[in-house]
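*Asks:* Converting from the sequence shown to my numbering requires adding 36 to each position, the first position being numbered 1.
Glycine is no exception: its CB is placed at the ideal position from the N, C-alpha and C atoms.
Every value quoted in this text rests on a predicted model; they were computed, and no experiment measured them.
Sharing a structure with you now.
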Amino acid sequence: MSTPSHVNQPSHPCCSATSAISTTCCAVPKLATKPIRTAHPRPRPCPRVSAHVPSPVPSPLDGPGAAHGGTLRRPTDTAPAPDASTPAYAGRDVHAPPGVPPAQEGALVPTDVVVVGSGPNGLAAAVTCARAGLEVVVLEAQPTVGGGSRTLDLGLADGLVHDICSAVHPMAWASPFLQEFDLGARGVDLITPEVSYAQPLDDGEAGIAYRDLARTVEALGPDGPAWRSLLGPLAARPDVLVGLALGDKRSIPPHLLPGGVPTALRYALGLVEQGTPLWNRRFRGHVAPALLAGVMSHAIHPLPALPAAGAGLLLAALAHAGSGWPLPRGGSQAIVGALRADLEAHGGTVRPDHRVTSAGDLPHARCVLFDTAPHTLVRVLGDRLPARTRRALERFRFGDGAAKVDFVLSGPVPWAHPEVGRAGTVHLGGSQQQVAEAEAHVAAGRHAPRPTVLLSDPAVVDPGREVGGLRPLWTYAHVPAGSDVDVTEAVTAQVERFAPGFRDLVVASRCIPAARMVEHDENYVGGDISAGALDLVQVVARPTASLDPYRMAEGVYLCSASTPPGPGVHGLGGWYAARRALRQVFDVRHPPRVGPA
Numbered sequence: 037m038s039t040p041s042h043v044n045q046p047s048h049p050c051c052s053a054t055s056a057i058s059t060t061c062c063a064v065p066k067l068a069t070k071p072i073r074t075a076h077p078r079p080r081p082c083p084r085v086s087a088h089v090p091s092p093v094p095s096p097l098d099g100p101g102a103a104h105g106g107t108l109r110r111p112t113d114t115a116p117a118p119d120a121s122t123p124a125y126a127g128r129d130v131h132a133p134p135g136v137p138p139a140q141e142g143a144l145v146p147t148d149v150v151v152v153g154s155g156p157n158g159l160a161a162a163v164t165c166a167r168a169g170l171e172v173v174v175l176e177a178q179p180t181v182g183g184g185s186r187t188l189d190l191g192l193a194d195g196l197v198h199d200i201c202s203a204v205h206p207m208a209w210a211s212p213f214l215q216e217f218d219l220g221a222r223g224v225d226l227i228t229p230e231v232s233y234a235q236p237l238d239d240g241e242a243g244i245a246y247r248d249l250a251r252t253v254e255a256l257g258p259d260g261p262a263w264r265s266l267l268g269p270l271a272a273r274p275d276v277l278v279g280l281a282l283g284d285k286r287s288i289p290p291h292l293l294p295g296g297v298p299t300a301l302r303y304a305l306g307l308v309e310q311g312t313p314l315w316n317r318r319f320r321g322h323v324a325p326a327l328l329a330g331v332m333s334h335a336i337h338p339l340p341a342l343p344a345a346g347a348g349l350l351l352a353a354l355a356h357a358g359s360g361w362p363l364p365r366g367g368s369q370a371i372v373g374a375l376r377a378d379l380e381a382h383g384g385t386v387r388p389d390h391r392v393t394s395a396g397d398l399p400h401a402r403c404v405l406f407d408t409a410p411h412t413l414v415r416v417l418g419d420r421l422p423a424r425t426r427r428a429l430e431r432f433r434f435g436d437g438a439a440k441v442d443f444v445l446s447g448p449v450p451w452a453h454p455e456v457g458r459a460g461t462v463h464l465g466g467s468q469q470q471v472a473e474a475e476a477h478v479a480a481g482r483h484a485p486r487p488t489v490l491l492s493d494p495a496v497v498d499p500g501r502e503v504g505g506l507r508p509l510w511t512y513a514h515v516p517a518g519s520d521v522d523v524t525e526a527v528t529a530q531v532e533r534f535a536p537g538f539r540d541l542v543v544a545s546r547c548i549p550a551a552r553m554v555e556h557d558e559n560y561v562g563g564d565i566s567a568g569a570l571d572l573v574q575v576v577a578r579p580t581a582s583l584d585p586y587r588m589a590e591g592v593y594l595c596s597a598s599t600p601p602g603p604g605v606h607g608l609g610g611w612y613a614a615r616r617a618l619r620q621v622f623d624v625r626h627p628p629r630v631g632p633a
């Protein structure tokens, strides 16, 4: 599919004549970006306690019966505080601080913990282990750290940066790990839009989910009370809701007892209602159902369905609670930048541009945590995994995909309904029926004529994202798994449908088809940004039906979004896995705190 002639295309390293795809549709696994230098020196590692181990200590990377003796750094239950002179992360760097420490220049040396992958889950695992006093090395295949939470200069306009996957972060305040980590204390400014999300409709109407529940209820008119009765009790107890939806799916959430049972029952009843053909019985009009369908479409799943309802009710309730659906000032990189800064302040090391394709690419370590797809773990360790586990991981299924389109605009999107322009997130799909039809097309392996599109204009709440009168626009469209179609025109048409004149504002664009998403994040197989199908089985038995969803073998853990609780920038998969590893491998009975020292 060709790009309209009015969409100007600047030159880009991936857009050469030899590129396998069009100049508007290129994946950039190694984007050329300009490093932003920081004024502070690299933080000094924290002191450690070492002790000789009298008996051999096996490594998960050794073959059966192999062992490793020598020095083991014993973890402590509370880590030393980082150097007080280390400044908080400011949230604008898109590259590592300049200079490479000497330990990174040579061959890999033995260490306590290796983390493969530097997404939010991988960094959460690394931070947790480093806080326990362990020596931690993070290996990342890409030249930039952050996985699905990176912000990069794509070369579309001078100085303009784009969030290449995640852009809006309700989990940044709702996640128990990030609550304890305290992003605000690290200099990360989470900006809460007054309108959490919006759903424009063809007749010029729009559903508007304000951060304020009462205002949303008023705007929905006759359906306002029904909206309040569905989401009000959930928004009032986000701790219980998060515990249910973002737990490890194997244990009782801590906030459930004694006072959380009523909230849990309301959530369960909401799932049955909104995840089945009963989803229309609550509402009389068409605006509220469309508004809810848009947020349920985040699951990239046919509607109605229980998994989509579970994700939708969680997100819809969080929109009216806490900090709503915030955007980090400067872009999503601010979150992973803060995690990396804490890791390095506690002696951890990050090695970008280090691809792991086999066990030989890993240093000797007592524990390895994989922030990767299950198939990657199998490819790297092979027969080092128990046969039963290996077969179960090979059966892990991925879902349908997302194709990403980044735009550069010369002004704000001219929405037909003015209130839509105040939203941090906009769901483009029309009515409830139209959204369901589009998702059904994708599930059947077809491209929807009018695909579901998610959109965010970060400059709405973060004017600093605008440079020289130009602003980034973040969008993605739902497509069948593995699609290689350039969806630039389809996305442009969907925005134009609800914002006449949008085409005239487009200065440049770049598409990454679903099939190429894996080139800048290897966990997005076939474009599945959830790192695994969100069907009823894999929501619970993720990645396998094991009682421990993280431990794959002795000293080997999976901690990506392919494990509970699933997708989202929350760091919980890494946190849960690391706490298990500390207990099972290093005999740390009291997990370290990860908050500011």
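If you count every other CB in all the chains shown that lies within 10 Å of the CB of residue 314, and 16 or more means buried, which is it?
*Replies:* Here residue 314 refers to the residue found at position 278 when the sequence shown is read from its first residue. So residue 314 counts as exposed.
*Asks:* At 4 residues or longer, and completely inside the stretch 260–337: list those alpha helix (DSSP H) runs for me, N to C.
*Replies:* You should have 260–272, 274–281, 297–310, 323–332.
*Asks:* If we call anything under 8 Å between Cβ atoms a contact, is residue 243 one with residue 253?
*Replies:* Residue 243 sits at position 207 when you count from the first residue of the sequence shown. Residue 253 sits at position 217 when you count from the first residue of the sequence shown. Not a contact, by the Cβ cut-off of 8 Å.
*Asks:* Could you tell me which of 415, 147, 484, 352 sits nearest to residue 338, measuring between CA atoms?
*Replies:* For the purposes of this step, residue 338 is taken as residue 302 along the sequence shown, with counting starting at 1. With distances taken between Cα atoms, residue 338 lies closest to 484.
*Asks:* Cα separation between residue 584 and residue 425?
*Replies:* Taking the first residue of the sequence shown as 1, we reach residue 584 at position 548. Taking the first residue of the sequence shown as 1, we reach residue 425 at position 389. Their backbone Cα atoms lie some 12 Å apart in a straight line.
*Asks:* Are there 16 or more other CB atoms within 10 angstroms of the CB of residue 573, so buried, or fewer, so exposed?
*Replies:* Indexing the sequence shown from 1 puts residue 573 at position 537. Exposed, by the Cβ-count rule.
*Asks:* With DSSP as the reference, label residue 100 as helix, strand or coil.
*Replies:* Working through the sequence shown from its first residue, we reach residue 100 at position 64. Because residue 100 carries a pLDDT of 40, less than 50, the predicted location of this residue cannot be relied on, and no value is offered for it.
*Asks:* Is residue 117 helix, strand or coil when you go by DSSP?
*Replies:* Counted from its first residue, the sequence shown places residue 117 at position 81. Low per-residue confidence applies at residue 117: pLDDT is 37, beneath 50, and the placement is therefore not dependable enough to give any value.
*Asks:* The ligand GDP and residue 436: does any heavy atom of the ligand fall closer than 7 Å to the residue's C-beta?
*Replies:* Annotation note on the ligand GDP: not contained in the displayed structure, which lists no ligands.
*Asks:* Excluding the five sequence neighbours on either side, which residues of its own chain have a C-beta within less than 6 Å of the C-beta of residue 360, listed in chain order?
*Replies:* Looking up residue 360 in the sequence shown gives position 324. For residue 360, where only same-chain residues beyond five positions count, the Cβ hits under 6 Å are 228, 232, 247.
*Asks:* For the putative contact between residue 332 and residue 324, defined by C-beta atoms under 8 Å, what is the C-beta separation to the nearest angstrom?
*Replies:* For this step, residue 332 is matched to residue 296 along the sequence shown. For this step, residue 324 is matched to residue 288 along the sequence shown. At roughly 13 Å, the Cβ-Cβ gap does not stay under 8 Å, so residue 332 and residue 324 are not in contact.
*Asks:* With a 10 Å radius around its C-beta and 16 neighbouring C-beta atoms as the bar for buried, classify residue 340 as buried or exposed.
*Replies:* Stepping through the sequence shown from its first residue, residue 340 is reached at position 304. Result: buried.
*Asks:* Spell out the partners DSSP gives residue 547 in its beta bridges.
*Replies:* Position 511 of the sequence shown holds residue 547. In the DSSP output, where bridge partners are listed per residue, residue 547 has 441.
*Asks:* Could I get the ranges of all uninterrupted alpha helix (DSSP H) runs contained in the stretch 339–396, with 4 residues as the minimum, in chain order?
*Replies:* Here the runs fully enclosed are 342–354, 369–381.
*Asks:* Give me the Cβ distance between residue 330 and residue 235, rounded to the nearest whole Å; I'm assuming they're in contact under 8 Å.
*Replies:* Start at 1 with the first residue of the sequence shown, and residue 330 comes out as number 294. Start at 1 with the first residue of the sequence shown, and residue 235 comes out as number 199. 4 Å between Cβ atoms; contact.
*Asks:* Which whole-angstrom value is the C-beta distance of residue 182 and residue 369, which I expect to be below 8 Å?
*Replies:* Within the sequence shown, the letter at position 146 stands for residue 182. Within the sequence shown, the letter at position 333 stands for residue 369. Correct: roughly 6 Å between the Cβ atoms.
*Asks:* Could you check which residue in 613, 457, 562, 173 has the C-alpha nearest to that of residue 481?
*Replies:* Position 445 of the sequence shown, counted from the first residue, corresponds to residue 481. Among 613, 457, 562, 173, the Cα nearest to that of residue 481 belongs to 562.
*Asks:* Comparing alpha-carbon positions, which option in 544, 262, 96 lies nearest residue 317?
*Replies:* Position 281 of the sequence shown, counting from 1, holds the residue named residue 317. It is 262 whose Cα lies nearest to the Cα of residue 317.
*Asks:* Just confirm the distance between the C-beta atoms of residue 399 and residue 147, as a whole number of angstroms; I'd bet it's less than 8 Å.
*Replies:* Along the sequence shown, one-based indexing puts residue 399 at 363. Along the sequence shown, one-based indexing puts residue 147 at 111. Contact flag correct, Cβ pair sits at about 6 Å.
*Asks:* Can you give me the start and stop residues for the alpha helix (DSSP H) that residue 528 sits inside?
*Replies:* Counting from one through the sequence shown, the residue named residue 528 turns up at place 492. From DSSP, the alpha helix (DSSP H) with residue 528 extends over 524–534.
*Asks:* Can you tell me where the beta strand (DSSP E) with residue 588 in it begins and where it stops?
*Replies:* What you label residue 588 is simply residue 552 of the sequence shown in a count that begins at 1. 587–589 is the extent of the beta strand (DSSP E) around residue 588.
*Asks:* Using the three-state DSSP reduction, which class does residue 597 fall into: helix, strand or coil?
*Replies:* Position 561 of the sequence shown, counted from the start, is the residue given in the question as residue 597. DSSP places residue 597 in coil when its eight states are reduced to three.
*Asks:* Can you give, in chain order, each stretch of the alpha helix (DSSP H) that sits fully within the stretch 149–185 and has at least 4 residues?
*Replies:* The stretch 149–185 contains these whole alpha helix (DSSP H) runs: 156–167.
*Asks:* As a quick exercise: from 503, 405, 557, 609, pick the residue whose alpha carbon is nearest that of residue 590.
*Replies:* Here residue 590 refers to the residue found at position 554 of the sequence shown. Taking only the C-alpha atoms, the option nearest residue 590 is 405.
*Asks:* If residue 436 sits next to residue 517, beta carbons under 8 Å apart, how far is it from one beta carbon to the other, in whole angstroms?
*Replies:* In the sequence shown, counting from the first residue as 1, residue 436 sits at position 400. In the sequence shown, counting from the first residue as 1, residue 517 sits at position 481. Yes, residue 436 and residue 517 are in contact; Cβ-Cβ is about 5 Å, under 8 Å.
*Asks:* State the DSSP-derived secondary structure class of residue 472, mapped to helix, strand or coil.
*Replies:* Taking the sequence shown and counting its residues from 1, the one referred to as residue 472 is at position 436. Note: residue 472 maps to helix in three-state DSSP.
*Asks:* Could you spell out where the beta strand (DSSP E) holding residue 433 opens and where it closes?
*Replies:* Indexing the sequence shown from 1 puts residue 433 at position 397. Residue 433 -> no beta strand (DSSP E), and no H or E assigned at all.
*Asks:* Pairing CB atoms from the stretch 548–560 with CB atoms from the stretch 436–447, are three or more of them under 8 Å?
*Replies:* Contact holds: three or more Cβ-Cβ distances are below 8 Å.
*Asks:* Going by the DSSP bridge assignment, what does residue 406 pair with across the sheet?
*Replies:* Mapped onto the sequence shown, residue 406 falls at position 370. Paired residues: 152, 594.
*Asks:* Within 10 Å of its beta-carbon, does residue 288 have 16 or more other beta-carbons around it, so buried, or fewer, so exposed?
*Replies:* Reading the sequence shown from its first residue, position 252 is the one you call residue 288. Exposed: under 16 other Cβ atoms inside 10 Å.
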